[in-house]
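Here the structure is laid out as structure tokens; the discussion comes afterwards.
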Amino acid sequence: MNNSHNIDNINNNIALVNGPNLNLLGKREPHLYGTTTLKEIITQVNHRAATYPTLNIKINDFQSNHEGALIDFIHSLLDDANLIGIILNPGAYSHTSIALHDALTVMTCPIVEVHLSNIATREAFRHHSYFSSRATGTITGLGAFSYMAALEYLIEQHRLKKKSS
Numbered sequence: 000m001n002n003s004h005n006i007d008n009i010n011n012n013i014a015l016v017n018g019p020n021l022n023l024l025g026k027r028e029p030h031l032y033g034t035t036t037l038k039e040i041i042t043q044v045n046h047r048a049a050t051y052p053t054l055n056i057k058i059n060d061f062q063s064n065h066e067g068a069l070i071d072f073i074h075s076l077l078d079d080a081n082l083i084g085i086i087l088n089p090g091a092y093s094h095t096s097i098a099l100h101d102a103l104t105v106m107t108c109p110i111v112e113v114h115l116s117n118i119a120t121r122e123a124f125r126h127h128s129y130f131s132s133r134a135t136g137t138i139t140g141l142g143a144f145s146y147m148a149a150l151e152y153l154i155e156q157h158r159l160k161k162k163s164s
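Residue numbers (numbering that gives the first Met the number 0): 0 to 164.
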């Protein structure tokens, strides 16, 4: 079997992690967050990842309204030898969760923090994110496209890493 056209013969996993209230996308404050649902965003991300068939990108999506469940999910990623990155929308935990931040400190893969709205132009308490200092990059204010931009970044970083090795 000739797999010379494939960069990898294994899956390359990207975790798509969403925090509290993101299950309400499309319904909750559409003037801020848009009308696209989380399910639609996940579908869009999966479809975009599939446009890179030689990379075997698999999206592992998880959403919870509970801080401990998010932390447990992050911990479970430590066992994923094929994890190439994390797309994280911590929602309101951006401004409150040191525990979730600490769970991410052990991760060695790139982490892209995303926010649908521009948190810098919102209420003052939303201006600070505990995750920005840990994230490889932060994308805010681009609506649902924030997730696509994060995906493209992680794919490009993976390609560069593979090229240099």
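The beta-carbon is built from N, C-alpha and C at its ideal position, and this holds for glycine as well.
Do Leu21 and Gln62 have their beta-carbon atoms positioned less than 9 Å apart in this structure? On the sequence shown, position 63 is the one that residue 62 refers to. On the sequence shown, position 22 is the one that residue 21 refers to. Yes, the pair counts as a contact, with Cβ atoms nearer than the cut-off.
Where Val105 sits in the DSSP three-state scheme: Locating residue 105 in the sequence shown gives position 106, where the first residue counts as 1. Note: Val105 maps to coil in three-state DSSP.
Using beta-carbon positions only, say whether Ile110 and Leu87 come within less than 9 Å of one another. Against the sequence shown, residue 110 aligns to sequence position 111. Against the sequence shown, residue 87 aligns to sequence position 88. Yes, the Cβ-Cβ distance between Ile110 and Leu87 is below 9 Å.
Could you pull the start and end residues of the alpha helix (DSSP H) that Gly67 belongs to? As a position in the sequence shown, residue 67 is number 68, starting the count at 1. Counting along the chain, the alpha helix (DSSP H) containing Gly67 begins and ends at 66-76.
Ordered along the chain, which non-local residues of its own chain (more than five positions away) have a Cβ less than 7 Å from that of Glu151? Indexing the sequence shown from 1 puts residue 151 at position 152. For Glu151, where only same-chain residues beyond five positions count, there are no Cβ hits under 7 Å.
Where the beta strand (DSSP E) through Lys57 begins and ends: Your numbering for residue 57 matches position 58 in the sequence shown. That run of the beta strand (DSSP E) goes 56-62.
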